[in-house]
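FYI, in the numbering used here the residues of the sequence shown are 391 to 456.
A virtual CB, placed ideally from N, CA and C, is assigned to each residue, including glycine.
Quick caveat, the model's predicted, so the values are computed rather than measured.
Scroll down for the structure; my scribbles are underneath it.
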Amino acid sequence: MKRYGWIPDIPDQRDFLYAAPPAFLRALPPRVDLRPQCPPVYDQGQLGSCTSNAIGGAIEFDQMKE
Numbered sequence: 391m392k393r394y395g396w397i398p399d400i401p402d403q404r405d406f407l408y409a410a411p412p413a414f415l416r417a418l419p420p421r422v423d424l425r426p427q428c429p430p431v432y433d434q435g436q437l438g439s440c441t442s443n444a445i446g447g448a449i450e451f452d453q454m455k456e
């Protein structure tokens, strides 16, 4: 992805994969649908504005919760 200047992260010895405890996983509901509680998806078009769209969506989601 050279278009927007993304530079892949180099491996770090502190990196690890999280594994949730089995008891926690069993307590989760089988399905969750948050679409009614979320703002519509933004179309960044050719702008390359994914970060600002994500921040805007997070702010709007927070306002909808209030």
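Problem - Straight-line gap, Leu407 to Ile400 (C-alpha atoms, nearest Å) - result: Residue numbering aside, residue 407 sits at position 17 when the sequence shown is read from its first letter. Residue numbering aside, residue 400 sits at position 10 when the sequence shown is read from its first letter. In a straight line, the C-alpha of Leu407 is about 15 Å away from that of Ile400.
Handout entry: Three-state secondary structure (DSSP) of Gln477
Key = Outside the shown range of the chain, which is 391 to 456, sits residue 477, and nothing can be said about it.
Practice task
Could you tell me if Phe451 is buried or exposed, where buried requires 16 or more neighbouring beta carbons within 10 angstroms of its beta carbon?
Solution key: On the sequence shown, position 61 is the one that residue 451 refers to. It is exposed - the Cβ of Phe451 has fewer than 16 other Cβ atoms within 10 Å.
Practice task
Excluding the 5 residues preceding and the 5 following Asp434 in the sequence, name in chain order all residues of the same chain whose CB lies nearer than 7 Å to its CB.
Solution key: Taking the sequence shown and counting its residues from 1, one reaches residue 434 at position 44. Going by the sequence as given, residue 434 is Gln instead of Asp. Once the five neighbours on either side are set aside, the close Cβ partners of Gln434 are Cys440 and Asn443.
Exercise for the section: Check Ile400 in the structure and name its three-state DSSP category. Expected result: For this step, residue 400 is matched to residue 10 along the sequence shown. The answer is coil: DSSP assigns Ile400 none of H, G, I, E or B.
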